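Q: Numbering (full-length UniProt numbering), first residue to last: 1 to 290. One structure, pasted below without further comment.
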Amino acid sequence: MGTPYPMSPGHEIVGTIASAGANVGNDWKQGALVGVGWNGGYCTRCQPCRLGDFTACQNSKVTGVNKDGGHQEYVIAHWTALVKMPENSGISNAELAPLLCAGNTVWEALHASPARAGDVVVVSGLGGLGHLALQYARKMGFIVVAVSGSKDKADLAKKLGAHYYFSAEDDVAAEVGKLGGAKAAIATAPSAKAISSLVPLLSRYGEVIVVGVPGDGNLEVSAMALVSKRAALRGYSCGASAENEKTIKFSVAEDVKAMVHKFPLDKANDALDGVLNGKPKFRVSCLDIG
1 MGTPYPMSPG
11 HEIVGTIASA
21 GANVGNDWKQ
31 GALVGVGWNG
41 GYCTRCQPCR
51 LGDFTACQNS
61 KVTGVNKDGG
71 HQEYVIAHWT
81 ALVKMPENSG
91 ISNAELAPLL
101 CAGNTVWEAL
111 HASPARAGDV
121 VVVSGLGGLG
131 HLALQYARKM
141 GFIVVAVSGS
151 KDKADLAKKL
161 GAHYYFSAED
171 DVAAEVGKLG
181 GAKAAIATAP
191 SAKAISSLVP
201 LLSRYGEVIV
211 VGVPGDGNLE
221 VSAMALVSKR
231 AALRGYSCGA
241 SAENEKTIKF
251 SVAEDVKAMV
261 HKFPLDKAND
271 ALDGVLNGKP
281 KFRVSCLDIG
């Protein structure tokens, strides 16, 4: 998927409709609060769309990649990309915005997993995706195990919903084994080594679900571990707009919030520099223009 330039980035957008097109219909009115996530719209005509698999649309747009994103004052969005946002939810637009991609991705992955309430679920990584995955997993009724690199994140992980916290200094496989193994492990840390280390944590018929894409190479996993446990390794991505609305409703009902660093629009370059240098603690930056 190529990116034409110039291109405005930003794929977690919340704002009000300034003007609606003539053929949009009555569902989207001027002044309504809406969001746009990674999925920038679908065509409704191709075979995947006709089958209802909108994220596989053969003519899809990706916000901020091949369609202008939200790092600007106004953005043109296709109606199929719009997510209805709750008015007066008590959650700020800045806190709602990351739920449209980071939040929806981990929410979808947890729902797609074989885990059910009472099962052990491991969340690997405590960044932009991981801190939301911990909150969702706890609210869904799982026994939540957080795994990250250092011991100093234990208090934060437990505050976000983890029942247990293990670092790279622990024998994580042995500790999770004492709990009966994990029915699902959500891999949010973008590290091939971290993802590969999750397979030994699984219980029988467990799954590792990758949502953080590693930049450090291909995965190496034990085929014997997968076979002997009848386990699985798969990936999951952000959903379409209707699925995103479920995430937002659940988040508001259960008070799941993203931890954000706010920047005014005239400090956009400072925000982007911070992201490139890994400065935001949760790698989540919002441009607050209101």
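Ideal Cβ positions, reconstructed from N, Cα and C, are used throughout, including at glycine. It should be emphasised that the depicted structure is a prediction, and the values quoted were computed from it without experimental measurement.
Taking the beta strand (DSSP E) that histidine 261 falls in, what are its first and last residues?
A: By one-based count along the sequence shown, residue 261 stands at place 261. Taken as a continuous stretch (DSSP letters only), the beta strand (DSSP E) holding histidine 261 covers 261–263.
Q: On the DSSP letters alone, give me the boundaries of the beta strand (DSSP E) that glycine 25 sits inside.
A: Sequence index remark: in the sequence shown, residue 25 carries index 25 (1-based). Premise fails: glycine 25 is in no beta strand (DSSP E) and is neither H nor E.
Q: Are the beta-carbon atoms of alanine 185 and valine 122 separated by less than 8 Å?
A: Here the question's residue 185 lines up with position 185 in the sequence shown. Here the question's residue 122 lines up with position 122 in the sequence shown. Their beta carbons are under 8 Å apart, which means alanine 185 touches valine 122 by this criterion.
Q: Quick check on the DSSP output: the alpha helix (DSSP H) that includes alanine 268 runs from which residue to which?
A: The residue you call residue 268 lines up with position 268 of the sequence shown. Segment 268–276, the alpha helix (DSSP H) holding alanine 268.
Q: Could you please give me the residues that DSSP links to leucine 96 through a beta bridge?
A: Taking the first residue of the sequence shown as position 1, residue 96 is located at position 96. Paired residue(s): none; leucine 96 is not in a bridge.
Q: Just tell me which of Gly41, Tyr74 and Ser222 has its CA closest to the CA of asparagine 59.
A: Along the sequence shown, one-based indexing puts residue 59 at 59. Closest by alpha carbon: Gly41.
Q: In whole angstroms, what separates the C-alpha of valine 62 from that of glycine 37?
A: Translated into the one-based positions of the sequence shown, residue 62 becomes position 62. Translated into the one-based positions of the sequence shown, residue 37 becomes position 37. C-alpha separation (whole angstroms): 9 Å.
Q: Here's the rule I'm using: 16 or more other beta-carbon atoms within 10 Å means buried, otherwise exposed. How should leucine 126 be labelled?
A: Residue 126 sits at position 126 when you count from the first residue of the sequence shown. Counting Cβ neighbours within 10 Å, leucine 126 comes out buried, since at least 16 surround it.
Q: Within its chain, find whatever has a CB closer than 6 Å to the CB of glycine 70; leave out the 5 residues flanking it on each side and keep chain order.
A: Translated into positions along the sequence shown, residue 70 becomes position 70. Cβ contact annotation for glycine 70 (same chain, cutoff 6 Å, sequence separation greater than five): Gly10 and Ile13, in chain order.
Q: Check alanine 225 in the structure and name its three-state DSSP category.
A: Here residue 225 corresponds to residue number 225 of the sequence shown, with the count starting at 1. In the structure shown, alanine 225 sits in a helix (DSSP, three-state: H, G or I).
Q: Determine the direct distance from the alpha carbon of valine 75 to that of serine 8, and round the result to whole angstroms.
A: Stepping through the sequence shown from its first residue, residue 8 is reached at position 8. Stepping through the sequence shown from its first residue, residue 75 is reached at position 75. Roughly 9 Å separates the two Cα atoms.
Q: Where does methionine 140 land, buried or exposed, given buried means 16+ other C-beta within 10 angstroms?
A: On the sequence shown, residue 140 is found 140 positions in, with the first residue counted as 1. Buried: at least 16 other Cβ atoms inside 10 Å.
Q: Below 8 Å, can you find three or more Cβ-Cβ pairs linking the region 98–114 to the region 232–251?
A: yes
Q: Sorry if obvious, but does the Cβ on glycine 35 come closer than 7 Å to a heavy atom of the ligand SAH?
A: For the structure depicted, the ligand SAH is absent and the ligand set is empty, with no information on it obtainable.
Q: Considering just the uninterrupted stretch of the beta strand (DSSP E) at leucine 110, what are its terminal residues?
A: As a first step, residue 110 must be located in the sequence shown, where it is residue number 110. Where leucine 110 is concerned, there is no enclosing beta strand (DSSP E), although the alpha helix (DSSP H) it sits in stretches over 102–112.
Q: Which of the three DSSP states is assigned to glycine 128 in this structure?
A: Reading the sequence shown from its first residue, position 128 is the one you call residue 128. Residue state, collapsed to three classes: coil.
Q: Arginine 45 by DSSP, collapsed to three states: which one?
A: For the purposes of this step, residue 45 is identified with residue 45 of the sequence shown, where counting begins at 1. Three-state DSSP puts arginine 45 in coil, outside helix and strand.
Q: Give me the Cα-Cα distance between aspartate 170 and alanine 225, rounded to the nearest whole angstrom.
A: Within the sequence shown, the letter at position 170 stands for residue 170. Within the sequence shown, the letter at position 225 stands for residue 225. If you take the alpha carbons of aspartate 170 and alanine 225, they lie about 20 Å apart.
Q: At which residues does the alpha helix (DSSP H) containing serine 251 begin and terminate?
A: On the sequence shown, position 251 is the one that residue 251 refers to. Looking at the DSSP string, the run of the alpha helix (DSSP H) that includes serine 251 is 241–254.
Q: By the 10 Å Cβ neighbour count, where 16 or more other Cβ atoms means buried, how is alanine 22 classified, buried or exposed?
A: Within the sequence shown, the letter at position 22 stands for residue 22. Per the 10 Å Cβ criterion, exposed.
Q: Alpha carbon to alpha carbon, how far is glutamine 30 from alanine 97? Give it in angstroms, no decimals.
A: Position 97 of the sequence shown, counting from 1, holds the residue named residue 97. Position 30 of the sequence shown, counting from 1, holds the residue named residue 30. One C-alpha to the other measures close to 20 Å.
Q: Considering only the beta carbon of each residue, do alanine 154 and leucine 132 sit closer than 8 Å?
A: In the sequence shown, residue 154 corresponds to position 154, counting from 1. In the sequence shown, residue 132 corresponds to position 132, counting from 1. No, the pair does not count as a contact, with Cβ atoms beyond the cut-off.
Q: Taking buried to mean at least 16 other C-beta atoms within 10 Å of its own C-beta, is leucine 265 buried or exposed?
A: Counting from one through the sequence shown, the residue named residue 265 turns up at place 265. Per the 10 Å Cβ criterion, exposed.
Q: How do the region 173–187 and the region 196–214 stand: do at least 3 beta-carbon pairs fall below 8 Å, yes or no?
A: yes
Q: Going by CA-CA distance only, name the one from Val275, Asp255 and Val256 that's closest to lysine 262.
A: The residue labelled residue 262 in the question sits at position 262 within the sequence shown. Ranking Val275, Asp255 and Val256 by Cα distance to lysine 262 puts Val275 first.
Q: By the DSSP assignment, the beta strand (DSSP E) with leucine 33 in it spans what residues?
A: Along the sequence shown, one-based indexing puts residue 33 at 33. From DSSP, the beta strand (DSSP E) with leucine 33 extends over 33–36.
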